[in-house]
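Encoded as structure tokens, the structure appears first; notes follow it.
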Amino acid sequence: MKTIKFKVSGMHCQSCAQLINMELAEVDGITGVMVNQKSGMGSATLTCDDLTANDVVAAVERAGYTATIIS
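Add 27 to the 1-based position in the sequence shown for the working numbering, that's all there is to it.
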């Protein structure tokens, strides 16, 4: 397991963060999702070795936002 921390651009309200949370939660192997609209930061835990930080970025982009990996 590894935790990915990322910055999200384009969030304007708590509903934006909720959309990202829901999109990430739909990916098998991603758990522990937390996105904070006020800080613009998020984190997700990858429980599958086949997943990478790029999968997190792709899910955020499917929700309509831009993510930059922090760690």
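Don't be surprised by glycine CBs; every beta carbon is placed ideally from N, CA and C.
query	result
Segment limits, alpha helix (DSSP H) that includes I47	41–52
Beta carbon of V54 nearer than 8 angstroms to that of Y92	no
Per-residue DSSP class, three states only, for A71	strand
A86, enclosing alpha helix (DSSP H) - first and last residue	80–89
For S36: DSSP bridge partner residues	T93
N- and C-terminal bounds of the beta strand (DSSP E) containing G59	57–63
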